[in-house]
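In UniProt numbering, the protein residues as written are 1 to 212.
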């Protein structure tokens with residue numbers, strides 16, 4: 001199984017953590033997005049969107065981190081993707097993360113970090129909109145986590161990884177997630193409960209330092 005990605009990417013981080021947790025024998029193939037290797041023809045044959053990560057397992061070719069994570073959890077029978085009603089709950093929050101929760105932090109990362117790298121000015125409207133979206137959906141998740149250890153119960157699922165992704169670049173996006181104490185406590189528990197989440201986060205930070 002081959003995973004194509006860049007350690008700078010929170011999406012790559014999520015997939016690598018899932019692979020670590022299920023003990024999947026992944027061969028990691030670096031696609032340097034700073035050098036725009038994700039726009040090379042060879043990579044576009046795997047993912048015509050030109051986004052990372054992409055994944056190959058024999059005849060199966062996948063893109064979108066959550067799809068790859070779901071495939072790995074299913075293939076290895078992991079409780080990261082539970083059975084029954086909790087499985088649907090996990091998928092609900094996984095989809096909500098993509099459709100709603102990550103939108104604001106991703107916009108702030110674009111404006112406050114990625115544009116800076118390319119020497120472009122921030123768009124004040126986009127920053128304000130990103131902060132509004134972040135607060136809107138962080139409030140929903142904060143309330144949901146008020147009496148839960150993890151997103152769908154007492155144990156970690158794929159939904160936790162998908163929702164924790166914005167914490168990967170929090171110092172760069174400056175998304176106002178630290179305003180929500182239940183989110184902060186939950187992410188701290190995730191770091192403690194899942195060593196791979198902390199380890200792959202450290203890999204991401206090392207990659208950032210390489211660029212500075």
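Beta carbons are placed, not taken as given, at the ideal position from N, Cα and C, and that holds for glycine.
- Item | Whole-angstrom distance between residue 45 and residue 188, CA atom to CA atom | Mapped onto the chain shown, residue 188 falls at position 188. Mapped onto the chain shown, residue 45 falls at position 45. One C-alpha to the other measures close to 38 Å.
- With DSSP as the reference, label residue 4 as helix, strand or coil. Along the chain shown, one-based indexing puts residue 4 at 4. Looking at residue 4 - three-state DSSP - the assignment turns out to be strand.
- Using the Cα positions of residue 92 and residue 65, report the straight-line distance between them to the nearest angstrom. If you number the chain shown from 1, residue 92 lands on position 92. If you number the chain shown from 1, residue 65 lands on position 65. C-alpha separation (whole angstroms): 16 Å.
- Task: Tell me whether residue 49 is buried or exposed, calling it buried when 16 or more other Cβ atoms sit within 10 Å of its Cβ.
- Result: Residue 49 sits at position 49 when you count from the first residue of the chain shown. The residue is exposed, with fewer than 16 neighbouring Cβ atoms inside 10 Å.
- Message: Looking only at its chain, what residues have a beta carbon closer than 7 Å to the beta carbon of residue 184, apart from the 5 residues adjacent to it on each side?
- Response: What you label residue 184 is simply residue 184 of the chain shown in a count that begins at 1. The residues are 178.
- Three-state secondary structure (DSSP) at residue 211? Mapped onto the chain shown, residue 211 falls at position 211. The answer is helix: DSSP assigns residue 211 an H, G or I state.
- Query: Got a sec, what are the start and stop residues for the beta strand (DSSP E) residue 81 sits in?
  - Reply: If you number the chain shown from 1, residue 81 lands on position 81. For residue 81, no beta strand (DSSP E) segment is defined, and its DSSP state is neither H nor E.
- Item | Sheet register partners of residue 29 (DSSP bridge) | In the chain shown, the residue the question calls residue 29 occupies position 29. Within the DSSP bridge table, the entry for residue 29 names 4 as partners.
- Candidates 19, 193, 31 and 137: closest to residue 154 by CA position: Taking the chain shown and counting its residues from 1, one reaches residue 154 at position 154. Selected option, being the one with the closest Cα: 193.
- Task: Take the Cβ of residue 96 as the centre, count every other Cβ of all protein chains shown within 10 Å, and call the residue buried at 16 or more, exposed below.
- Result: Here residue 96 refers to the residue found at position 96 when the chain shown is read from its first residue. Flag for residue 96 reads buried.
- Query: Do the region 67-83 and the region 28-44 make contact, defined as three or more Cβ pairs closer than 8 Å?
  - Reply: no
- Message: Quick check on DSSP: helix, strand or coil for residue 142?
- Response: Along the chain shown, one-based indexing puts residue 142 at 142. Three-state result, residue 142: helix.
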